[in-house]
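Worksheet: the structure to be examined is printed underneath.
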Amino acid sequence: MARISFAHAVLIRVMLMRIWGRVGWMLLMDKTSITMQILFEEEIFIRGMRLTSAGQSLSETRKKLLNHIREIVKTSDVPLMIATELAILQNDFDRYANSRAMESSLQSAINEMEVIQRHFQIILTPDYALIDRAFSLPKNRQKGLPIDEARQSFRSHYARLANLDKSRLDDDEKEIIDARQEMFALAKSLYIAEQEIALGVAA
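Counting along the sequence shown from 1, when you hit position 168 you're at 168 in full-length UniProt numbering, and nothing is skipped either side.
In structure tokens form, the structure reads like this:
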């Protein structure tokens, strides 16, 4: 049997690798095409569901929630805003939490709303002076005001809402997230105003 030289063996190996490379690329492209096809089918079904009576009713209900949140924002009633956000979070936890990570995130958010509620109950009372003294280090203060647990909770939950806005949601769901962000930003600014009054700090 004729022996294959080392050079010929290398050449054959290179040719086989090139052939396999083309086949592998074709297989990869085929898998990618299947992925795109499945995603396209999903989009068709989603659009179809929106046209059904159930889909239209869902959209109308979400619009009602959106308008309800916007009306609450107009009141500038911070305790009402926080109670509204807490109700939404509790509903999400009870109905939609389907993983430990989601349960943990929602429970943290619920805890933060309760922290904010407790701070609103004492911010205009002498008890708030204790919180002011507890956050005395420069890193825990901003413009003469303590970055207390309520302020930390505002910041944390606003970031959580911002991350939700980046996820794959329907347009009406994103509108609700945007409205919640607006409500929460206003609630935070009004809380800071309450801090200024409580501690006699000029704006």
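The beta-carbon is built from N, C-alpha and C at its ideal position, and this holds for glycine as well.
Please state whether DSSP places LEU137 in a helix, a strand or coil.
Position 137 of the sequence shown, counted from the start, is the residue given in the question as residue 137. When secondary structure is reduced to three states using DSSP, LEU137 falls in the coil class, being assigned neither helix nor strand.
8 Å CB neighbourhood of ILE192 in its chain, flanking five on each side removed
Along the sequence shown, read from residue 1 onward, the residue named residue 192 stands at position 192. Around ILE192: LEU145 and ARG151.
So what's MET1 in DSSP terms, helix, strand or just coil?
By 1-based counting over the sequence shown, the position of residue 1 is 1. With a pLDDT of only 48 at MET1, under the threshold of 50, the placement of this residue in the model should not be trusted, and no figure is reported.
If you measure from the CB of ALA134, is any heavy atom of the ligand GDP nearer than 7 Å?
Among the ligands in the structure shown, none appear at all, so the ligand GDP cannot be discussed.
Determine the DSSP secondary structure at LEU169, reduced to helix, strand or coil.
Start at 1 with the first residue of the sequence shown, and residue 169 comes out as number 169. Here LEU169 sits in coil by DSSP.
Buried or exposed by the 16-neighbour rule on C-beta atoms within 10 Å, applied to LEU51
For the purposes of this step, residue 51 is identified with residue 51 of the sequence shown, where counting begins at 1. Here LEU51 is exposed. Its C-beta has fewer than 16 other C-beta atoms within 10 Å.
Is the beta carbon of GLN142 less than 8 Å from the beta carbon of ALA162?
Here residue 142 refers to the residue found at position 142 of the sequence shown. Here residue 162 refers to the residue found at position 162 of the sequence shown. The criterion of a C-beta distance shorter than 8 Å is not satisfied by GLN142 and ALA162.
Can you tell me the Cα-Cα spacing of LYS135 and ILE147, whole angstroms?
On the sequence shown, residue 135 is found 135 positions in, with the first residue counted as 1. On the sequence shown, residue 147 is found 147 positions in, with the first residue counted as 1. Sequence inspection shows Phe at residue 135; the Lys mentioned does not correspond to that position. So the alpha carbons of these two residues sit roughly 7 Å apart.
Please confirm if the stretch 67-85 is in contact with the stretch 96-108, defined as three or more CB-CB distances below 8 Å between the two stretches.
Output reads no: the stretch 96-108 does not touch the stretch 67-85.
Alpha helix (DSSP H) segment containing LYS143, residue limits:
Taking the sequence shown and counting its residues from 1, one reaches residue 143 at position 143. In the DSSP assignment, LYS143 falls outside any alpha helix (DSSP H), carrying neither H nor E.
For ASP178, which residues from the same chain have a beta carbon less than 8 Å from its beta carbon, with the 5 sequence-adjacent residues on both sides left out?
By one-based count along the sequence shown, residue 178 stands at place 178. Excluding residues within five positions, the ones whose Cβ falls inside 8 Å are ASP165.
Using 8 Å as the threshold, is the stretch 165-176 in touch with the stretch 110-125, meaning 3 or more CB pairs across them?
Contact fails between the stretch 165-176 and the stretch 110-125, because fewer than three Cβ pairs, one in each stretch, are under 8 Å apart.
Beta carbon of MET113, beta carbon of LEU137: below 8 Å?
Along the sequence shown, one-based indexing puts residue 113 at 113. Along the sequence shown, one-based indexing puts residue 137 at 137. It is not a contact, given that the beta carbons lie outside the stated cut-off.
Three-state secondary structure (DSSP) of ASN67:
Working through the sequence shown from its first residue, we reach residue 67 at position 67. Shown here, ASN67 sits in a helix according to DSSP, grouped into three states.
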